[in-house]
Amino acid sequence: MTTIQEQAAVLALTRATHDAPWFHTARVILDAGSALRLLDGGCASRDEDDRAHAAAVAARVGPGDLAWGRELIAAMHAKGVHLVTVLDAAYPGNLLWAYDRPPFLWVRGGFRPGDHRAVAVIAEHDAGQAAAAARGLAEAGLVVVAPLRTPVDAAVHRAALAAGGRTVGVPEGGVGDPAALGEYASVAERIAERGAVVSSCWPGTAPGGRAAGCTRVVTCGLADFLYVVDGAGGGPSSRLVEEALHTGKHVFVSQRLHQEQPWARRAGARGGMTAVQDIDDLCLQAVNLVDMAPRTNTC
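Per my numbering, the sequence shown starts with residue 74, numbered consecutively.
Written out as structure tokens, the structure reads:
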């Protein structure tokens, strides 16, 4: 079991990452097998850039930073939020395999074995179709992942929960006081009762900017694949598809989206995308895809 001191070291090293993406720090921590070992100069990577990065971030961390990390963990725990780092067994297996995995996640609720059997449902406008997909996938025994930033996202979570399923919500920003989610606070509370609300941002981070990118990484990373209902080029749906295909995740899209949106056809031409006829077709292909994938980590 990862100690609080190890978790605090992960936070401190991440905060000291000024000149590189956070996933670079996650990678060198994993290579070392210990954030504390990394602080003591124990980088195990054979890559020269990784060794230089590890030395740079470790040099910026002092004893006060570890104390800060422990205090933050305790403060969040008091709010019902716990920390999961890349060193913890509870870190989700789907996300662990992503090259751009975040070093840590703040979680309200919790993960369970079997949460790798997950699909992210993405939509911008058609709440009815998105909810129908979420309901069908939940009834098929799959975990539904979705952002938590729009009324359509809320409809996805409500539909999956009403069908008796588990959902994982990814707000755009930090996870702390549920009231900070505004109109989605009650939905987040219901999600946490049966699944998890997850953020890779610092507590208190406002939506927008870098937080939007973090939401895409976590949403795609937690899911085994995506189902995209609608969306215009350059919008949230197309950016999520780009992230998913870039990280090797399969993408299902509605037949309508594939026919009406040139960006979807261009993305599909690269491979890794399937247009489905209806919800029954989606559920059949989704279950077949997720169950035939080899697993070495089922968290």
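Glycine residues also receive a C-beta, built at the ideal position from the N, C-alpha and C atoms.
> Excluding the five sequence neighbours on either side, which residues of its own chain have a C-beta within less than 7 Å of the C-beta of Val154, listed in chain order?
Replying inline: Within the same chain, Cβ atoms closer than 7 Å to the Cβ of Val154 are found at Trp179, Val180, Arg181, Val248 and Gly249, the five residues on either side in sequence being excluded.
> Among Gly238, Leu168, Ser310 and Gly345, which residue has its Cα nearest to the Cα of Gln334?
Replying inline: Ser310
> Helix, strand or coil: how does DSSP classify Gln358 here?
Replying inline: helix
> For Thr369, does the count of other Cβ atoms within 10 angstroms reach 16, so buried, or fall short, so exposed?
Replying inline: For Thr369, the pLDDT reaches just 46, beneath the cut-off of 50, and the residue's location in the model is therefore unreliable, although a value from the coordinates is still provided. The residue is exposed, with fewer than 16 neighbouring Cβ atoms inside 10 Å.
> Can you give the Cα-Cα distance for Gly281 and Gly246, rounded to whole angstroms?
Replying inline: 8 Å
> Under 8 Å between the Cβ atoms of Val194 and Ala206?
Replying inline: yes
> What's the gap between the Cα of Asp161 and the Cα of Thr75?
Replying inline: 6 Å
>> Can you look up Gly181 in the DSSP assignment and give me helix, strand or coil?
In response: It should be noted that the sequence gives Arg, not Gly, for residue 181. It is a strand residue.
> Which runs of the beta strand (DSSP E) spanning at least 3 residues fall entirely within the stretch 109 to 183, listed in chain order?
Replying inline: 155 to 158 and 177 to 182
> Run through DSSP, which three-state label would Ala89 get?
Replying inline: Ala89: coil per DSSP, three-state reduction.
>> Considering Cα atoms alone, identify which of Gly344, Leu221, Leu210 and Val290 is closest to Gln358.
In response: Leu210
> Going by beta carbon distance, what residues of the same chain come within less than 7 Å of Ala200, once the five residues before and after it are set aside?
Replying inline: Pro224, Val225 and Ala228
>> Let me make sure I understand the geometry here. Which of Asp92, His97, Gly238 and Val314 has the alpha-carbon closest to that of Arg289?
In response: Val314
> Hey, is Val241's beta-carbon within less than 8 Å of any beta-carbon in chain C?
Replying inline: This model lacks chain C altogether, as it is built from one protein chain only.
>> Residues in the same chain with beta-carbon distance under 6 Å from Ser327, minus the five sequence neighbours each way, listed in chain order, please.
In response: Counting only Cβ-Cβ distances below 6 Å, and skipping sequence neighbours, we find Val302.
> Can you name, in chain order, every residue of its own chain whose Cβ lies under 8 Å from the Cβ of Leu362, other than the five neighbours on each side?
Replying inline: Asp297, Phe298 and His323
> Is the beta carbon of Asp138 sitting closer than 8 Å to the one on Ala85?
Replying inline: yes
>> Just verifying my parser: in three-state terms, what is the DSSP assignment at Leu254?
In response: helix
> Excluding five sequence neighbours on each side, which residues of the same chain lie with their C-beta closer than 8 Å to the C-beta of Val291?
Replying inline: Leu168, Pro175, Leu178, Val243, Val271, Ser272 and Ser273
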